[in-house]
Amino acid sequence: MIELTAADYAAELKRFRATGHVWLAADEMPADVDVPPAWRTLLAAPDDLLADRLVQMWAGIIDRLPAVARFFRDKLARPAVFRNDGGDVALLYPYTVEHDDLNFFIGRAPLRERWPDDAPPWTALPEALRRFHQTVHDGWTFFPANSMGPLPLADQAALAGKLDLTPVEIRKLGVNPDLVRTVFHNGSGDWLCVDSSEAASGGNLAGWLWWHERPTELEPVDFWAVMNAWFEMFVEEADKR
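Set out below in structure tokens:
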């Protein structure tokens, strides 16, 4: 079984050319490291309260993602703050597979006051997800693939940019792919999306699945249920804490 220390976290990140400083404890972190107060509170918490602190931090979205709550409770190792050499900070969510394979989900700094104007595509996102970007993480994904969680806002894009279809095939989709936003990537070429045209027209937001094996189809889905199910399958083999 591997040791889970700040040095081990840093060494694993360095394998993927992510270099900087890692802190496991709030009292080890310099005062000038600009992170949300909730991150310092988390790092100051004893191990038996970590899951509760994270559930509080994720309030407003965690009820929609019960698999994430179970991951926090049963499988997550000690979180840490990472500041890369460029000065960007992130919260590391580490876990192991087969006791010696260290993995991370990475939560980027929240947008706080930097959210976009109240216009599409920002308004295409479910309200709970917008709050998540603003107050918890502007993207929370598996490292280094940037998959299996809500993408950072800057990495979300129009589905049209992912397609290589003829005009006839595009019409078969039934919606304008320029207005369908990619929000979550499963790492296998498939995308969970939202339709920004519905937000603009005041309708109910639709979740869509685009499967790379069926590129001319969009499957209507329950947005949160799919996100939860994909995450649950991905961490199924993670070790229990």
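Under my numbering, think of the first position of the sequence shown as 96, with each following residue one higher.
Cβ atoms here follow ideal geometry from the backbone N, Cα and C, with glycine treated the same way.
Closest by CA to VAL275, which one among ARG309, GLU314, GLU308?
Walking along the sequence shown from the start, residue 275 turns up at place 180. Residue GLU314 is the option with its Cα nearest to VAL275.
Taking the alpha helix (DSSP H) that VAL289 falls in, what are its first and last residues?
The residue given as residue 289 occupies position 194 in the sequence shown. Where VAL289 is concerned, there is no enclosing alpha helix (DSSP H), although the beta strand (DSSP E) around it starts and stops at 286 to 290.
Is the beta carbon of GLU331 closer than 7 Å to that of ALA162?
The residue given as residue 162 occupies position 67 in the sequence shown. The residue given as residue 331 occupies position 236 in the sequence shown. Taking 7 Å as the Cβ cut-off, ALA162 and GLU331 do not qualify as a contacting pair.
GLY302 - partner residues in DSSP beta bridges
Here residue 302 is taken as the residue at index 207 of the sequence shown, counted from 1. GLY302 pairs with VAL289, VAL316.
Helix, strand or coil: which one does DSSP assign to LEU197?
Locating residue 197 in the sequence shown gives position 102, counting from the first residue. LEU197: strand per DSSP, three-state reduction.
Using CA atoms only, rank isn't needed, just tell me which of ASP143, VAL278, SER292 is closest to LEU304.
The residue you call residue 304 lines up with position 209 of the sequence shown. When C-alpha distances from LEU304 are compared across ASP143, VAL278, SER292, the shortest belongs to VAL278.
Should ALA333 and VAL192 be called a contact, given that it needs their Cβ atoms to be closer than 7 Å?
Your numbering for residue 333 matches position 238 in the sequence shown. Your numbering for residue 192 matches position 97 in the sequence shown. Yes, they are a contact pair.
DSSP puts SER242 in a beta bridge; with which residues?
Position 147 of the sequence shown, counted from the first residue, corresponds to residue 242. Assignment of beta-bridge partners to SER242 by DSSP yields PHE237.
Measuring only the C-alpha atoms, how far is MET243 from ALA253?
Working through the sequence shown from its first residue, we reach residue 243 at position 148. Working through the sequence shown from its first residue, we reach residue 253 at position 158. If I take the Cα positions, the gap works out to 18 Å.
Spatially closest choice to TRP153 from PHE166, ASP142, PRO141, by CA coordinates
What you label residue 153 is simply residue 58 of the sequence shown in a count that begins at 1. Ranked by how close their Cα comes to the Cα of TRP153, the residues PHE166, ASP142, PRO141 have PHE166 in first place.
Identify, in the order they occur along the chain, each residue of the same chain with its Cβ nearer than 8 Å to the Cβ of ASP250, setting aside the five sequence neighbours on each side.
The count along the sequence shown starts at 1 and reaches residue 250 at position 155. Contacts found: GLY234, ASN241.
Taking C-alpha atoms, which residue in LEU224, GLU107, LEU258 lies nearest to PRO247?
Here residue 247 corresponds to residue number 152 of the sequence shown, with the count starting at 1. Out of LEU224, GLU107, LEU258, LEU224 has the C-alpha closest to the C-alpha of PRO247.
Please confirm whether TYR188 and ASN198 have their CB atoms less than 7 Å apart.
In the sequence shown, the residue the question calls residue 188 occupies position 93. In the sequence shown, the residue the question calls residue 198 occupies position 103. Cβ distance not < 7 Å, so TYR188 and ASN198 don't count as in contact.
Beta-carbon within less than 8 Å of THR136's beta-carbon, same chain only, minus the 5 sequence neighbours each way: which residues are those?
Reading the sequence shown from its first residue, position 41 is the one you call residue 136. Excluding sequence neighbours, THR136 sits near ALA121, ARG148.
One question on the structure: do ARG203 and ALA219 come within less than 7 Å of each other, judged by their Cβ atoms?
To locate residue 203, count along the sequence shown from 1; it is residue 108. To locate residue 219, count along the sequence shown from 1; it is residue 124. Contact flag unset, no.
VAL278 by DSSP, collapsed to three states: which one?
Your numbering for residue 278 matches position 183 in the sequence shown. Looking at VAL278 - three-state DSSP - the assignment turns out to be strand.
Quick check on GLY298: buried or exposed, where buried means 16 or more other Cβ atoms within 10 Å of its Cβ?
Here residue 298 refers to the residue found at position 203 of the sequence shown. Any reading at GLY298 must be qualified, since the residue scores a pLDDT of 46, below 50, and its modelled position is unreliable; no value is offered.
Nearest CA to the CA of GLU312: which residue from GLY282, HIS228, GLY269?
Numbered from its first residue, the sequence shown carries residue 312 at position 217. Comparing alpha-carbon positions, the option among GLY282, HIS228, GLY269 lying closest to GLU312 turns out to be GLY269.
Close beta carbons around LEU99, own chain, < 7 Å, minus the five adjacent residues each side:
For this step, residue 99 is matched to residue 4 along the sequence shown. Correct list, in chain order: ALA172, ARG173, PRO189.
Alpha carbon to alpha carbon, what distance is there between SER292 and GLN151?
As a position in the sequence shown, residue 151 is number 56, starting the count at 1. As a position in the sequence shown, residue 292 is number 197, starting the count at 1. Each residue's Cα considered, the two are about 33 Å apart.
First and last residue of the uninterrupted beta strand (DSSP E) at TRP134:
What you label residue 134 is simply residue 39 of the sequence shown in a count that begins at 1. Careful: TRP134 lies outside any beta strand (DSSP E), inside the alpha helix (DSSP H) at 132 to 139.
DSSP state of PRO189, grouped into three classes?
Taking the first residue of the sequence shown as position 1, residue 189 is located at position 94. DSSP, read as helix, strand or coil, puts PRO189 in strand.
VAL184 in three-state terms, based on DSSP:
What you label residue 184 is simply residue 89 of the sequence shown in a count that begins at 1. Three-state result, VAL184: strand.
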